[in-house]
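For any residue, its number in the numbering used here is found by taking its place in the sequence shown, counting from 1, and adding 82. Note that CB positions come from ideal geometry on N, CA and C, so glycine has one too.
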Amino acid sequence: MQQEISRRTPLGQQAAAALAHSAHRQNADQLLLAVLRKWFWARKPDAGFLLEGFPATLLQALVFDEWLEARGENLTGCFAAVPHSADAVVTHYRTQGLLFGDLRAAA
Numbered sequence: 083m084q085q086e087i088s089r090r091t092p093l094g095q096q097a098a099a100a101l102a103h104s105a106h107r108q109n110a111d112q113l114l115l116a117v118l119r120k121w122f123w124a125r126k127p128d129a130g131f132l133l134e135g136f137p138a139t140l141l142q143a144l145v146f147d148e149w150l151e152a153r154g155e156n157l158t159g160c161f162a163a164v165p166h167s168a169d170a171v172v173t174h175y176r177t178q179g180l181l182f183g184d185l186r187a188a189a
């Protein structure tokens with residue numbers, strides 16, 4: 083998302099405005115998904131990646147899972163960082179056997 087904001091693309095400008103005005107969570111989710119959808123589908127198939135702070139909500143995780151499935155790709159693992167709001171995301175990936183570490187315990 084930072085790349086889109088720094089390049090001042092239309093999505094980046096919307097993201098910057100939403101962040102600056104603390105937009106409603108649903109609008110923020112939709113905007114973040116739009117930015118990451120652009121990145122996800124533009125990257126080379128099976129190119130490795132590391133995402134920080136995404137997915138942050140269960141909706142984002144489920145949408146991301148759909149993108150991966152559509153491309154025939156899989157996650158190799160996830161780490162939980164801090165946010166209490168991400169507990170549903172942590173549970174989602176723990177249930178799939180993808181949660182390697184819960185870094186919240188170390189905080």
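(message) Assuming contact is defined by CB atoms lying nearer than 8 Å, are residue 76 and residue 150 in contact in what I supplied?
(response) There is no way to answer for residue 76, as the model of the chain reaches only from 83 to 189.
(request) Take residue 111 and list the residues in its own chain whose beta-carbon comes closer than 7 Å to its own, dropping the five residues that flank it on each side. (result) 139, 141, 142
(request) Taking all protein chains shown into account, decide if residue 144 is buried (16 or more other Cβ within 10 angstroms of its Cβ) or exposed. (result) A residue is called buried when at least 16 other Cβ atoms come within 10 angstroms of its Cβ; residue 144 does not meet this threshold and is exposed.
(message) Can you list, in chain order, the residues of its chain with a C-beta nearer than 8 Å to that of residue 147? Leave out the 5 residues immediately preceding and following it.
(response) none
(request) Between the Cα of residue 127 and those of 170, 95, 152, spot the shortest distance and give me the residue it belongs to. (result) Distances from the alpha-carbon of residue 127 to those of 170, 95, 152 put 152 closest.
(request) Report the option in 182, 121, 93, 123 whose CA atom is closest to the CA atom of residue 109. (result) 93
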